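In this note's numbering, the protein residues as written are 3 to 305.
Dropping the structure here:
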């Protein structure tokens, strides 16, 4: 048996497979399928400073090889999470990552400060949110805004800080460098790609928000390319995600430069996917006489 454990920013994971934010809730439903200790970690449903009801339906729809969603960060708020959800999560014997989202720099900083005094293991900064003070432009779409929000949150965050990067940018390597330079301990990538579909009978968008985030196997080649680019630009660990559905995908993403992985959309169709991926990953390592999964990261060979 190969060693599947990894260390990200000083945090030990029993294996590199993490449930991606927004696909696993706070873990209670999935715990009915298997002990959550069998996965390396959980990136919890994105939380905001106050409770949010999310967007009106329809807000999620299947597309070829993926899902288009505009759920709108429905969540109970950071205080409810700390008081009601986190105590249960800490009993599951896995790494707990709090994913935070806000519309202003102040909201992000307040949540980072609250969570720094809690039992979460890491904080993941979701910067694919509209900055209302800048006219709704997303925090994660320019080097300047990524650097500013990372630096601000870093000053309040006592936990290891992961910055989750948006793929809807011109140069992902520059964005990754900005996050690293301003205090990120790790980056996770990629978040969803902005997409849209239209019902040709009603001539209306298939989701009420008009556009949404595209995830699933359709985005995997984009994710691999961006992880590879970022891995050549930064020295901090990369948590790769975006359409990983099989152990083969996991191996590919690790070779591209990821040190750990988040598994998301596939969970909706197969709750056991992380366990199957872990088993396949272990078999691949054994077959290739690789003793530790860490030896696989970033081993892509140039032509």
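The beta carbon of each residue, even a glycine, is placed where N, CA and C say it ideally should be.
Computed from a prediction, not measured in an experiment: that's the story for all the values here.
Residue i (DSSP reduced to helix, strand or coil)
i, result
"residue 120", "coil"
"residue 160", "coil"
"residue 284", "helix"
"residue 85", "helix"
"residue 45", "strand"
"residue 203", "coil"
"residue 166", "strand"
"residue 154", "helix"
"residue 298", "coil"
"residue 62", "strand"
"residue 104", "coil"
"residue 23", "coil"
"residue 240", "strand"
"residue 5", "strand"
"residue 171", "coil"
"residue 190", "strand"
"residue 254", "helix"
"residue 262", "strand"
"residue 222", "helix"
"residue 18", "coil"
"residue 247", "coil"
Minimum C-alpha distance to residue i - residue among the options
i, options, result
"residue 127", "29, 193, 265, 8", "193"
"residue 301", "272, 29, 254, 266", "254"
"residue 42", "297, 263, 292, 175", "263"
"residue 175", "94, 163, 158, 144", "144"
"residue 123", "208, 141, 283, 159", "159"
"residue 210", "70, 142, 191, 190", "70"
"residue 17", "241, 200, 61", "241"
"residue 246", "133, 220, 197", "220"
"residue 149", "125, 183, 140", "183"
"residue 68", "215, 59, 81, 165", "215"
"residue 199", "60, 163, 15, 108", "60"
"residue 276", "8, 40, 12", "40"
"residue 284", "188, 298, 98", "298"
"residue 217", "273, 195, 249, 165", "195"
Residue i classed as buried or exposed, judged by whether at least 16 other C-beta atoms fall within 10 angstroms
i, result
"residue 267", "buried"
"residue 137", "exposed"
"residue 305", "exposed"
"residue 93", "exposed"
"residue 239", "buried"
"residue 31", "exposed"
"residue 213", "exposed"
"residue 86", "exposed"
"residue 45", "buried"
"residue 251", "buried"
"residue 271", "exposed"
"residue 3", "exposed"
"residue 190", "buried"
"residue 139", "exposed"
"residue 90", "exposed"
For residue i: DSSP bridge partner residues
i, result
"residue 54", "77"
"residue 214", "197"
"residue 132", "140"
"residue 97", "43"
"residue 127", "102, 165"
"residue 71", "62, 215"
"residue 13", "10"
Within-7 Å CB hit, residue i to chain B
i, result
"residue 172", "Given the protein chain composition of this structure (a single chain), no chain B is represented."
### Message
Counting beta carbon pairs with one atom in the segment 39-55 and one in the segment 69-77, are three or more of them shorter than 8 Å?
### Response
yes
### Message
Using 8 Å as the cut-off, can you tell me whether the segment 164-181 makes contact with the segment 223-240, which would need three or more C-beta pairs spanning the two stretches below that distance?
### Response
yes
### Message
Does the structure place the segment 151-164 close enough to the segment 98-110 that three or more beta carbon pairs sit under 8 Å?
### Response
yes
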